[in-house]
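Shown next, in structure tokens, is the structure this report addresses.
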Amino acid sequence: MPQMIEHIDAIARQVGRDVLYLTFFEDSAGVAVREHWTENASRKEVVAWLDANEYTWKKCGEIASDHWMVMGYRGTIYIDTAYDREDPVYLKLEHSLESPDGTLRLPKMRFWALSIGFAMCNAHQDAPGYWEKRAEDF
Numbered sequence: 535m536p537q538m539i540e541h542i543d544a545i546a547r548q549v550g551r552d553v554l555y556l557t558f559f560e561d562s563a564g565v566a567v568r569e570h571w572t573e574n575a576s577r578k579e580v581v582a583w584l585d586a587n588e589y590t591w592k593k594c595g596e597i598a599s600d601h602w603m604v605m606g607y608r609g610t611i612y613i614d615t616a617y618d619r620e621d622p623v624y625l626k627l628e629h630s631l632e633s634p635d636g637t638l639r640l641p642k643m644r645f646w647a648l649s650i651g652f653a654m655c656n657a658h659q660d661a662p663g664y665w666e667k668r669a670e671d672f
């Protein structure tokens with residue numbers, strides 16, 4: 535069944551703040567995540583940890599572009615936690631994903647914070663019919 539998956543920058547505009555997200559890439563066998571994101575071991579581990587620790591998350595697309603379209607979902611996850619270095623909820627997440635030196639604990643994953651300011655650069659994409667028109671022109 536088709537799913538509507540929002541881009542991470544659209545999510546930032548909806549919640550009105552900086553947002554956190556995770557991207558994943560090739561698995562240990564070198565298989566592209568676009569084809570087999572459900573098999574990415576790092577993604578499986580993160581999802582299990584998020585669920586066990588009661589973090590709200592959902593699938594999302596990466597940053598939208600007016601110049602190209604990504605075909606297919608690649609396993610990207612939005613985590614509904616504010617990027618706040620004073621918030622114990624954020625710090626628990628950060629400590630789970632990163633070592634004390636700031637390196638990621640899991641391979642084949644990236645941990646991102648997207649600022650609301652950057653996300654606002656794509657606010658024109660929220661206009662009714664924008665994506666339908668882009669699809670026609672593609």
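Numbering of the sequence shown is given in the numbering used here, commencing with residue 535 and proceeding in unit increments.
In this text, a Cβ means the ideal position worked out from N, Cα and C, and glycines have one as well.
Quick check on DSSP: helix, strand or coil for Arg551?
coil
Alpha carbon of Ile648 to alpha carbon of Leu631, nearest angstrom
It should be noted that the sequence gives Leu, not Ile, for residue 648. The straight-line gap from Cα to Cα measures roughly 17 Å.
Pick out the complete alpha helix (DSSP H) segments inside the region 577-605, 4 residues or longer, and give them in chain order.
none
Can you grab the Cα-Cα spacing for the pair Ile539 / Ile611, in whole Å?
10 Å
Where does Ile542 fall in DSSP's three states?
helix
Per-residue burial, Trp571 [other beta carbons within 10 Å of its own, 16 or more giving buried]
buried
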